[in-house]
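**Q**
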Amino acid sequence: MKIKMTAKTGFRGYQRIGENVTKGKPDMHEAIDCYKEVKHGMYGALGETLEGHNHWPVNPSNFNSVMEEYISLVTDLSRKIMRGIALALGGSPNEFEGERAGDPFWVMRLIGYPGVSVSNSPYMLENDIGCGAHTDYGLLTLVNQDDEISALQVRNLSGEWIWALPIPGTFVCNIGDMLKIWSNGLYESTLHRVINNSPKYRVSVAFFYEPNFDAVVMPLDFCKQKTGGVEKFEKAVYGEHLVSKVLTNFKTEET
Numbered sequence: 013m014k015i016k017m018t019a020k021t022g023f024r025g026y027q028r029i030g031e032n033v034t035k036g037k038p039d040m041h042e043a044i045d046c047y048k049e050v051k052h053g054m055y056g057a058l059g060e061t062l063e064g065h066n067h068w069p070v071n072p073s074n075f076n077s078v079m080e081e082y083i084s085l086v087t088d089l090s091r092k093i094m095r096g097i098a099l100a101l102g103g104s105p106n107e108f109e110g111e112r113a114g115d116p117f118w119v120m121r122l123i124g125y126p127g128v129s130v131s132n133s134p135y136m137l138e139n140d141i142g143c144g145a146h147t148d149y150g151l152l153t154l155v156n157q158d159d160e161i162s163a164l165q166v167r168n169l170s171g172e173w174i175w176a177l178p179i180p181g182t183f184v185c186n187i188g189d190m191l192k193i194w195s196n197g198l199y200e201s202t203l204h205r206v207i208n209n210s211p212k213y214r215v216s217v218a219f220f221y222e223p224n225f226d227a228v229v230m231p232l233d234f235c236k237q238k239t240g241g242v243e244k245f246e247k248a249v250y251g252e253h254l255v256s257k258v259l260t261n262f263k264t265e266e267t
């Protein structure tokens, strides 16, 4: 396959059903994964794992240009949302610019979940769900989900799994791990999973808006003041956090 995801492609490209792994279990979805381009030596040793450019399907012929336009639009939207979040936390609207997220990294996944049928339902049950329970790694995620199929679940503060029902013309916005740290827990990263019980094939496009790749993430002072004056989380380097997840979440061949 010309755009197959491998370690040599910087974990970009197509992955088959079961090649994405959550907590040791293969997920029942296929996907095309793409990342912000990382040129050789751009982030030193930290960025070596993700060096490379994206691998797009050749059909349809305008796939590349449509995706690049979409990425530009959702990047702008995400930046505006982060300005609002900064104000809500009590900071300046530019709190997540500069060395924090002024040059935001991004990840996008085009995901397809096969529908349930008599022939594949035992395999679905064996492997639990389309995507296992997890939190996202960065700042926030915009999920453009299929309008006709309810499959995304989030866990609420009572520990119950509830459906994030599709609302046409909207995105689902998930909070990521780095925003949880920066806000010192005022914002909780969203634990979520996907269960496609529909007989229909479900499509979801997830755009992950992230900090600068080399950003050092630690609780903001004004968030600390609102949460007892104590740092509840250790600092993290976003790129290290991302790479550690990538290396454990994907089954790939070296070539």
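Everything in the sequence shown is counted per the numbering used here, starting at 13 for the first residue and increasing by one. Backbone N, C-alpha and C define an ideal beta-carbon position, used for all residues, glycine too. These numbers come from a predicted model, not from an experiment.
1) Count the CB pairs spanning the stretch 188-205 and the stretch 219-237 that are closer than 8 Å, and state whether there are at least three.
2) Taking just the CA atoms, how far does Tyr149 sit from Glu60?
3) With burial defined as no fewer than 16 other Cβ atoms inside 10 Å of the residue's Cβ, what is the status of Val184: buried or exposed?
4) Go ahead and label Val258 buried or exposed: buried means 16 or more other beta carbons lie within 10 angstroms of its beta carbon, across all protein chains shown.
5) Note down the Cα distance separating Pro223 from Val86, rounded to an integer number of angstroms.
6) Can you tell me whether Gly144 is buried or exposed, with buried defined as 16 or more other CB within 10 angstroms of its CB?
7) Under the assumption that Tyr199 contacts Trp118 (Cβ atoms under 8 Å), give the Cβ distance between them as a whole number of angstroms.
8) May I have the straight-line CA-CA distance separating Asn74 from Ile15, to the nearest angstrom?
9) With DSSP as the reference, label Pro122 as helix, strand or coil.
10) Go ahead and pull the three-state DSSP assignment for Asn189.
11) For Trp350, name the three-state secondary structure that DSSP assigns.
12) Could you give the DSSP three-state label for Ala19: helix, strand or coil?
13) For Pro126 and Met40, which I take to be in contact (beta-carbon distance under 8 Å), what is that distance rounded to the nearest angstrom?
**A** Checking against the coordinates, here is how it stands:
1) Yes: the two stretches touch, three or more of their Cβ pairs being nearer than 8 Å.
2) 19 Å
3) buried
4) Buried.
5) 15 Å
6) Result: buried.
7) No, Tyr199 and Trp118 are not in contact; Cβ-Cβ is about 19 Å, not under 8 Å.
8) 16 Å
9) The sequence shown places Leu at residue 122, rather than the Pro named in the question. Of the three classes helix, strand and coil, the one that applies to Leu122 here is strand, per DSSP.
10) At residue 189 the sequence reads Asp, which differs from the Asn that was named. If DSSP states are grouped into helix, strand and coil, Asp189 belongs with the helices.
11) Because the chain is modelled from 13 through 267, residue 350 falls outside the range shown and cannot be assessed.
12) Of the three classes helix, strand and coil, the one that applies to Ala19 here is helix, per DSSP.
13) 7 Å
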